[in-house]
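4 protein chains.
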Amino acid sequence: MTHNGNRLVTFHGREDVRVDTYKFPELTMPNGKNAPHAVILKIISTNICGSDLHIYRGSFAVPSGMTMGHEMTGEVVEVGSDVEFLHMGDIVSVPFNVGCGRCYNCKHMRTDVCQYVNGDQIFPIAGTTQHVDCGAYGFNLGPPVRSVNTAAGWAGGQGDYLMVPYADFNLLRFPDRHAAMEKIRDLTLLSDILPTAFHGFAAPDWPAMPSFGVGRSVLIFGAGPVGRCGAACARLLGYGAIIVADYLPDRLALLEPHGIETIDLNDGVAIEDHLRRITGRETADRVIDYVGLDSRGFGSDADRPVENAVTSALLKYVSFGGTTSTVGVYCANPLAESADYKKGSMTTEWADAWIKSPRMAAGQSPTMSYNHGLMEAILHDRMPYLTPMLNTTVITMDEVPEAYKVFAEGSPYKYVIDPHGSVKGDVPHGLNPGNLSKERFTPLAGKPIALGSAS
Amino acid sequence: MTHNGNRLVTFHGREDVRVDTYKFPELTMPNGKNAPHAVILKIISTNICGSDLHIYRGSFAVPSGMTMGHEMTGEVVEVGSDVEFLHMGDIVSVPFNVGCGRCYNCKHMRTDVCQYVNGDQIFPIAGTTQHVDCGAYGFNLGPPVRSVNTAAGWAGGQGDYLMVPYADFNLLRFPDRHAAMEKIRDLTLLSDILPTAFHGFAAPDWPAMPSFGVGRSVLIFGAGPVGRCGAACARLLGYGAIIVADYLPDRLALLEPHGIETIDLNDGVAIEDHLRRITGRETADRVIDYVGLDSRGFGSDADRPVENAVTSALLKYVSFGGTTSTVGVYCANPLAESADYKKGSMTTEWADAWIKSPRMAAGQSPTMSYNHGLMEAILHDRMPYLTPMLNTTVITMDEVPEAYKVFAEGSPYKYVIDPHGSVKGDVPHGLNPGNLSKERFTPLAGKPIALGSAS
Amino acid sequence: MTHNGNRLVTFHGREDVRVDTYKFPELTMPNGKNAPHAVILKIISTNICGSDLHIYRGSFAVPSGMTMGHEMTGEVVEVGSDVEFLHMGDIVSVPFNVGCGRCYNCKHMRTDVCQYVNGDQIFPIAGTTQHVDCGAYGFNLGPPVRSVNTAAGWAGGQGDYLMVPYADFNLLRFPDRHAAMEKIRDLTLLSDILPTAFHGFAAPDWPAMPSFGVGRSVLIFGAGPVGRCGAACARLLGYGAIIVADYLPDRLALLEPHGIETIDLNDGVAIEDHLRRITGRETADRVIDYVGLDSRGFGSDADRPVENAVTSALLKYVSFGGTTSTVGVYCANPLAESADYKKGSMTTEWADAWIKSPRMAAGQSPTMSYNHGLMEAILHDRMPYLTPMLNTTVITMDEVPEAYKVFAEGSPYKYVIDPHGSVKGDVPHGLNPGNLSKERFTPLAGKPIALGSAS
Amino acid sequence: MTHNGNRLVTFHGREDVRVDTYKFPELTMPNGKNAPHAVILKIISTNICGSDLHIYRGSFAVPSGMTMGHEMTGEVVEVGSDVEFLHMGDIVSVPFNVGCGRCYNCKHMRTDVCQYVNGDQIFPIAGTTQHVDCGAYGFNLGPPVRSVNTAAGWAGGQGDYLMVPYADFNLLRFPDRHAAMEKIRDLTLLSDILPTAFHGFAAPDWPAMPSFGVGRSVLIFGAGPVGRCGAACARLLGYGAIIVADYLPDRLALLEPHGIETIDLNDGVAIEDHLRRITGRETADRVIDYVGLDSRGFGSDADRPVENAVTSALLKYVSFGGTTSTVGVYCANPLAESADYKKGSMTTEWADAWIKSPRMAAGQSPTMSYNHGLMEAILHDRMPYLTPMLNTTVITMDEVPEAYKVFAEGSPYKYVIDPHGSVKGDVPHGLNPGNLSKERFTPLAGKPIALGSAS
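So, in structure tokens, the structure goes:
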């Protein structure tokens with residue numbers, strides 16, 4: 001096999017991402033150690049994620065020069081000497097969390113908090129060093145403070161090739177290559193947003209994951225791709241009333257034909273009134289935040305950022321005895337106005353929440369806990385609504401900078417990069433395959449902060 | 001309100017059920033105690049269950065004169081003085097298990113093993129007295145041995161009216177009368193077979209009910225109404241490969257258009273070969289027995305009863321680390337030839353099973369644990385496949401004896417009795433609304449024992 | 001049986017409780033409805049709770065004239081006509097939560113959020129009306145806004161007699177009267193603080209309660225009676241490092257002989273340094289707040305109230321992937337200085353917490369979920385450390401006002417009121433049976449707010 | 001480091017084990033493949049297990065020449081190139097299950113059913129080839145049928161040195177070498193019998209492990225070392241009535257001072273009468289089989305083998321709604337008289353069990369799921385009763401053949417082999433350190449089959 005370098009999407013500053021070329025990856029850890037447990041993948045599909053937008057906008061601070069991307073599907077093209085169960089030509093999904101498979105947390109399927117793969121990091125905003133029990137591709141916050149266990153600095157995967165460590169442990173192998181390529185439009189979601197959305201349902205109930213959802217009601221904040229995946233997961237799990245709230249009508253419109261109730265936050269009607277109309281109550285059994293950073297406020301605060309808007313809404317709209325999940329990303333936000341929000345502090349109505357006896361969860365998804373089951377569900381046609389809800393379109397590496405821009409403006413597509421032209425023609429291609437006018441997809445010009453665009 | 005007696009289906013002996021008339025029920029317990037916590041229902045729909053067939057055939061011994069039926073939906077027409085949250089005119093589903101709501105087990109939602117509602121009973125076969133921690137309408141095995149806590153002797157509900165004790169605790173109220181009547185064909189399943197089928201999925205994982213089924217495989221024995229509900233539950237819970245095995249092709253045919261794989265046991269192909277064709281393995285993650293008593297054997301034993309056929313198959317076809325559920329009813333069987341089976345003993349390949357580390361559950365469903373969520377799922381249109389899979393038809397009281405006969409012969413309908421003519425015309429009515437010839441629905445003449453006919 | 005009125009502890013204003021006499025209770029709901037499901041208890045023991053201190057200090061606002069007490073053990077002396085399984089002379093523990101046993105939440109053992117027993121209430125601070133899905137004796141916030149389902153206004157139980165509704169459902173019957181009186185000093189804790197403490201361990205893991213704690217570490221804030229019960233529960237569940245932090249050395253001293261590590265917050269050492277000394281890490285797998293309202297700050301803020309001190313500490317000291325519980329009571333606090341805290345708002349380091357993937361729970365305990373198992377553990381001598389840790393002493397009704405005072409000052413006793421002189425002499429009696437000087441038990445004079453005194 | 005061969009206990013036929021010398025182990029898999037993920041351990045302690053006795057007696061058929069032992073604790077003396085988190089000199093516990101850490105089951109902590117480490121095996125009795133999803137040291141049933149994924153043939157560990165594959169994943173590192181050696185007498189139990197005993201409590205509730213046991217009752221069959229560990233686990237988990245049944249009074253006597261109720265099966269009293277005396281009921285919430293193969297019957301069958309005696313007793317004595325676990329080993333038994341038992345078939349009273357709604361589990365323990373927590377519990381002194389209950393004594397390699405003999409006869413010791421003389425003098429040493437006469441420990445001469453001797 002020949003290759004001439006590795007193109008990777010690279011962060012150059014706020015609202016400035018470019019495609020730069022790097023050398024071909026090696027079976028080596030970021031800290032220089034040999035990685036006999038690793039493989040090299042040729043990327044088949046690699047998606048732009050809502051959490052990439054936090055970086056793009058500048059609210060999640062990273063160093064200039066960082067390579068991006070953490071949602072990868074690829075083909076094994078090189079195999080380390082201690083890889084036993086993967087082979088050349090296997091098609092695999094990469095969980096966005098890097099896990100070592102050897103620490104206490106990984107053994108307990110908590111790859112969201114692997115104890116070894118990131119270690120001590122320098123945080124760009126504060127310049128502080130902090131120990132971080134987790135790692136992800138394309139989230140190389142700062143140069144890792146090297147120690148024997150530290151391997152931080154995972155390259156991004158929006159590009160041609162990727163090194164994946166602890167490959168036997170980390171990778172999800174698709175059982176049949178042909179069937180995988182037939183459903184690549186859905187399977188590409190397994191690296192992050194579909195399991196991440198699923199985690200919204202499972203997290204508060206861990207380890208009894210996910211709890212008895214049949215017939216229960218769920219209120220979802222955010223109709224971006226993760227929020228839409230959340231609605232799809234609610235369908236898969238047999239939820240009763242499934243309600244999604246957002247400011248972006250084009251995104252909500254993707255959900256309505258599939259048994260999902262929507263709340264258009266532009267309509268001036270209070271959320272509790274919508275809930276009463278839909279469920280007869282002003283609360284939902286489960287409320288999930290798929291927005292995270294960069295949320296607008298509600299009602300009269302709709303045109304300005306209100307950092308705790310969704311966090312507060314979770315506790316306000318959850319039923320007595322219900323559960324909440326915060327799946328959207330929160331971090332110290334250098335763009336915030338108040339000192340509190342600059343460091344990631346949040347204010348909530350804690351006393352009003354306490355009396356309700358809620359159970360709450362927050363944080364990243366342990367992708368590996370969910371991706372196998374979701375793969376089987378896709379391969380057995382259990383989620384026919386996933387394709388129309390997600391509205392995936394395939395783009396080239398050259399289209400990536402423009403795709404970041406329109407995605408941040410609220411485009412109702414899920415953008416999947418196809419660096420090697422692997423995805424066949426019956427899947428929509430291009431930045432706007434439905435030829436929606438910008439007006440049609442309601443760009444957020446002048447409203448840089450948007451609920452639904454976040455994730 | 002006027003009424004002239006209470007017609008009830010009554011067991012008169014093997015293959016002999018008749019409609020007899022009794023006096024109107026009172027707010028009184030079977031042991032004569034006042035029941036201020038009870039209500040009287042006017043029955044809207046009351047189904048014939050596969051477990052009624054065990055009685056009908058004689059394999060589940062009951063005394064002649066016992067009134068039958070435990071799957072009731074009705075309207076509240078009389079309310080006891082200590083009923084607070086139910087009112088005249090409410091439409092409710094009756095869980096087939098009677099629960100007191102006041103014992104340790106009921107408080108823990110284990111209404112399948114209520115400690116007070118049955119107590120000591122005289123068993124008809126052995127003539128022995130045994131303490132039984134459970135109770136159900138229409139399963140009045142023998143005269144209860146009266147004690148302070150004993151209230152056994154619950155009347156059957158295939159008829160005009162029914163007394164329901166502990167009504168605030170037991171009854172599931174439908175939130176809207178009009179919506180309930182619109183979906184009565186599906187909601188009538190909530191009194192037993194839909195929650196019972198669901199229990200097949202939840203039982204081994206209790207109390208973390210029901211476990212993470214997304215994408216997993218399940219093998220179901222029995223395509224009778226409960227087995228078909230099991231397939232529907234697997235759909236609702238997002239299972240991957242869903243496989244139903246039976247001898248009755250007309251019942252299997254109801255499932256095939258809805259993403260269910262079927263195994264026709266008449267075809268001479270080994271079950272493991274079918275499994276390998278469908279899933280690539282010879283086992284399934286979960287295997288459920290919806291048959292119980294009266295099972296035929298497999299392969300060369302297809303034409304004779306083999307009491308442990310399905311019990312053994314659960315352990316044979318379950319994956320290493322998988323789970324099994326025995327939902328079908330087992331009891332001492334006076335029709336069995338061997339002394340072992342006459343008293344309900346079973347032989348299984350225990351050593352072969354042990355090495356697989358299975359988790360197993362058996363017994364009745366605690367209906368109340370599941371009926372609320374399933375009601376919401378139906379009301380929110382999450383189970384559009386339920387109606388075509390179940391193939392429900394509505395009959396009159398006069399048609400009941402013939403319905404027992406054709407149901408026992410393998411008719412591919414679910415029979416719902418409508419004693420007061422409450423169910424409107426757009427629902428199929430009659431014993432054979434599709435005008436299937438007997439040949440068409442493969443009657444079991446000469447083969448009195450059938451896998452699929454059991455439940 | 002004769003009786004001349006019912007003495008009850010009554011709130012007359014901040015730091016002013018008195019014993020007033022009322023008429024004997026009847027089998028009637030607070031809204032006047034008949035209660036055939038109720039019993040009358042003659043109180044054997046009724047404890048002063050840390051949450052009573054919030055009321056006593058004025059931080060939890062209630063109307064003057066409210067009767068107090070929610071931790072009762074008693075003897076059945078009158079039985080309603082729809083009570084079946086309790087009898088005259090039974091000795092029972094009263095869960096502090098009132099539950100109806102008939103709503104969705106009670107059926108799911110969530111008696112902390114019973115949907116019927118409180119309903120709409122007028123809150124004293126704001127004067128607002130709010131629907132509250134829970135109820136408790138002695139927390140009659142304001143006159144209930146009467147509706148068909150509303151029964152708020154439950155009398156306090158620090159006194160001679162108490163009406164308990166839905167008695168078959170609510171009451172825990174001790175199996176043997178003699179054995180119960182022998183262990184009354186421990187069993188009296190079953191009405192609230194022992195199950196409440198246990199809930200700190202079970203709440204984040206519900207319904208898989210309580211998760212696998214063997215060998216894990218737990219950090220407990222508050223060495224008041226609930227916090228000490230929490231340490232006892234950690235012992236019972238096999239936790240490894242069990243660490244309790246407080247400002248009150250006399251309370252900590254009760255724990256040290258029983259395998260509990262303590263952090264004396266007066267010593268000027270940072271909590272993380274204590275944790276590193278004890279566990280080798282700066283975090284614990286589980287962190288529990290048994291303090292609630294009225295918390296002091298840490299370090300340089302030790303002498304002033306810092307409302308979010310413990311709430312923030314939960315997230316700061318929990319491990320990556322760990323769990324937190326907020327068992328201590330939070331409510332709008334009229335004594336708070338800031339507008340935020342006056343309405344119960346809290347600020348936390350949400351971004352720092354998010355990256356840790358915590359699971360969090362808050363709210364009251366569903367006492368009934370735990371009291372039966374804990375009763376059996378006590379009766380089987382599984383908690384020999386409970387008596388010395390709790391340091392219970394028995395007082396008369398006349399001693400109650402002084403007991404509130406010294407308990408609020410930090411007395412290291414658990415005060416149990418014995419209105420009828422039922423508790424025999426081998427149990428310590430009196431306000432200070434160990435003859436500790438006030439100096440010895442470190443009264444909080446001049447430091448009205450205390451971590452450990454809260455619960 | 002120097003070494004002159006590797007002494008290992010070797011099976012030479014029924015009741016004939018010897019110490020043979022082999023070459024030093026290498027970092028190579030049994031099928032000859034390189035094992036860069038492996039380490040070599042110098043054994044510190046390696047125990048004789050009850051399941052070794054099944055082999056010794058001949059009821060679990062293995063080939064002559066098989067090396068024995070699966071309960072090892074050791075020091076790392078050689079490290080493969082892909083081992084990252086273990087170092088020379090680390091003291092580690094070896095889970096008896098070999099797991100790859102890379103298959104679906106290992107990722108879900110189901111190392112009892114690892115899909116890769118054993119593969120196809122030739123079974124000695126039947127001569128059949130079967131795929132086995134699990135592996136263990138010292139259970140090399142027959143020459144593996146080699147395939148790409150097959151690595152069966154794990155050497156036994158009763159000897160000087162051991163190769164452990166996938167070492168980062170498999171090994172439990174003790175945090176402090178000195179503390180480990182101080183508690184080696186308890187920590188040596190972590191390789192098998194303590195986690196295995198714990199599994200009896202967790203298995204039926206997986207993945208919500210282990211369920212809420214506080215105050216519940218448990219009936220344990222078998223007072224051998226595993227059964228005694230089961231009693232210790234019940235203490236650790238806060239169970240109420242803990243009841244152990246056996247025929248060997250010396251073993252029962254070890255339990256009685258520690259709050260455990262015992263049933264001496266020699267006393268002619270029915271088990272249900274014992275249960276009623278202890279708990280007031282004839283059943284227990286949980287019933288566990290720590291015996292497995294080689295069980296005697298009960299009552300009049302006490303002097304002969306009754307293969308299904310304990311299996312049947314689980315279902316007979318479990319409460320309505322209770323759980324059972326079969327932890328003792330079952331396999332095809334060439335010594336059985338009946339054809340059924342020769343192939344491992346079992347007959348149980350299935351109908352009587354069904355009505356009780358039991359949940360049942362069987363099979364090996366996934367050691368890794370429990371050993372970390374149990375290690376912490378030991379290191380934090382949470383199980384002071386473990387040492388006296390187990391009655392461990394340390395022996396030399398030379399004493400091994402005699403130890404097998406007296407252990408099979410019912411000796412009330414747990415035998416720990418110390419091949420290198422690592423265990424210091426304050427731990428009891430020798431075959432009979434308490435100088436019990438044979439009469440004293442009730443040898444089973446003439447009664448070759450014994451309940452309590454099994455495990």
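So the sequence lines, in the order shown, correspond to chains D, U, A and Y.
First residue of the first sequence? That's 1 in full-length UniProt numbering, and the numbers climb one at a time after it.
First residue of the second sequence? That's 1 in full-length UniProt numbering, and the numbers climb one at a time after it.
First residue of the third sequence? That's 1 in full-length UniProt numbering, and the numbers climb one at a time after it.
First residue of the fourth sequence? That's 1 in full-length UniProt numbering, and the numbers climb one at a time after it.
Using N, Cα and C, we set each Cβ at its ideal position, and we do this for glycine too.
Return the first residue and the last residue of the alpha helix (DSSP H) that Ala231 (chain Y) is part of. The sequence position of residue 231 (chain Y) within the fourth sequence is 231, counting from 1. Its alpha helix (DSSP H) spans residues Pro225 to Leu236.
Output needed in chain order: residues of the region 372-395 of chain Y with a Cβ under 9 Å from some Cβ in chain A. Those would be His372, Gly373, Leu374, Met375, Glu376, Ala377, Ile378, Leu379, His380, Asp381, Arg382 and Met383, in chain order.
Identify the continuous beta strand (DSSP E) that holds Ile263 (chain U) and give its terminal residues. Within the second sequence, the letter at position 263 stands for residue 263 (chain U). Glu261 to Asp264 is the extent of the beta strand (DSSP E) around Ile263 (chain U).
Endpoints, alpha helix (DSSP H) assigned at Ser81 (chain Y): In the fourth sequence, the residue the question calls residue 81 (chain Y) occupies position 81. Here Ser81 (chain Y) belongs to no alpha helix (DSSP H), and DSSP marks it neither H nor E.
Alpha helix (DSSP H) runs contained entirely in the region 332-369 of chain A, provided each spans 4 or more residues: Those alpha helix (DSSP H) runs which fall completely within the region 332-369 of chain A and span 4+ residues are 339-342 and 350-354.
Going by beta carbon distance, what residues of the same chain come within less than 6 Å of Met88 (chain Y), once the five residues before and after it are set aside? Position 88 of the fourth sequence, counting from 1, holds the residue named residue 88 (chain Y). Cβ within range, chain order: Val76.
Any beta carbon from chain U within less than 9 Å of Met346 (chain Y)'s own beta carbon? As a working mapping, residue 346 (chain Y) is identified with position 346 in the fourth sequence. For Met346 (chain Y), the nearest beta carbon of chain U is closer than 9 Å to its own beta carbon.
What does DSSP give as the partner residues of Ile288 (chain A) in its beta bridges? Stepping through the third sequence from its first residue, residue 288 (chain A) is reached at position 288. Note: Ile288 (chain A) is bridge-paired with A:Ile220 and A:Ser325 in the DSSP secondary-structure output.
Quick one: what does DSSP say Arg185 (chain Y) is sitting in, helix, strand or coil? Walking along the fourth sequence from the start, residue 185 (chain Y) turns up at place 185. Correct three-state label for Arg185 (chain Y): helix.
What are the boundary residues of the beta strand (DSSP E) that Arg7 (chain Y) is part of? The count along the fourth sequence starts at 1 and reaches residue 7 (chain Y) at position 7. Element bounds for Arg7 (chain Y): Asn6 to Gly13.
Looking at Tyr247 (chain U): is its Cβ nearer than 9 Å to the Cβ of Leu265 (chain U)? Position 247 of the second sequence, counting from 1, holds the residue named residue 247 (chain U). Position 265 of the second sequence, counting from 1, holds the residue named residue 265 (chain U). Inclusion of Tyr247 (chain U) and Leu265 (chain U) in the CB contact set at 9 Å is warranted, their separation being smaller than that value.
So, does the CB of Cys100 (chain D) fall closer than 9 Å to a CB anywhere in chain Y? In the first sequence, the residue the question calls residue 100 (chain D) occupies position 100. Yes, Cys100 (chain D) lies at the interface with chain Y (some Cβ there is under 9 Å from its Cβ).
For the region 67-85 of chain A and the region 35-46 of chain A, state whether three or more C-beta atom pairs, one from each stretch, are separated by less than 8 Å. With a cut-off of 8 Å, the region 35-46 of chain A and the region 67-85 of chain A count as touching, because enough Cβ pairs lie within range.
For Ile44 (chain U), which three-state DSSP category applies? Numbered from 1 along the second sequence, position 44 holds the residue referred to as residue 44 (chain U). In the structure shown, Ile44 (chain U) sits in a strand (DSSP, three-state: E or B).
Within 9 Å (strictly less), CB to CB, does Val191 (chain D) reach chain Y? Position 191 of the first sequence, counted from the first residue, corresponds to residue 191 (chain D). This sequence places Ser at residue 191 (chain D); Val is not what is there. Closer than 9 Å: no.
Give every residue of the same chain whose Cβ lies closer than 8 Å to the Cβ of Tyr137 (chain Y), excluding the five residues on either side of it in the sequence, and list them in chain order. The residue labelled residue 137 (chain Y) in the question sits at position 137 within the fourth sequence. Counting only Cβ-Cβ distances below 8 Å, and skipping sequence neighbours, we find Gly69, His70, Met72, Val94, Phe96, Val98, Trp154, Ala155, Gly156, Gly157 and Leu162.
At 8 Å on the CB atoms, spell out the chain Y contacts of Tyr104 (chain D), in chain order. Counted from its first residue, the first sequence places residue 104 (chain D) at position 104. Here the neighbours are His372.
Would you call the region 285-299 of chain U and the region 313-321 of chain U in contact, with 3 or more CB pairs under 8 Å? The answer is yes - the region 313-321 of chain U touches the region 285-299 of chain U, with three or more Cβ pairs under 8 Å.
Which of the three DSSP states is assigned to Thr396 (chain D) in this structure? In the first sequence, the residue the question calls residue 396 (chain D) occupies position 396. If DSSP states are grouped into helix, strand and coil, Thr396 (chain D) belongs with coil.
Find the residues of chain U that neighbour Arg281 (chain D), judging by a C-beta separation of less than 7 Å, and give them in chain order. Along the first sequence, read from residue 1 onward, the residue named residue 281 (chain D) stands at position 281. For a Cβ distance threshold of 7 Å, nothing in chain U lies close to Arg281 (chain D): the least Cβ distance comes to about 11 Å.
Using only CA atoms, which one of A:Asp168, A:Leu236, A:Asn34 and A:Val62 lies nearest to His12 (chain A)? The residue given as residue 12 (chain A) occupies position 12 in the third sequence. Residue A:Val62 is the option with its Cα nearest to His12 (chain A).
Evaluate the contact criterion for the region 357-371 of chain Y versus the region 378-395 of chain U: three or more CB pairs, one atom per stretch, below 8 Å. Contact between the region 357-371 of chain Y and the region 378-395 of chain U is absent, because fewer than three Cβ pairs lie under 8 Å.
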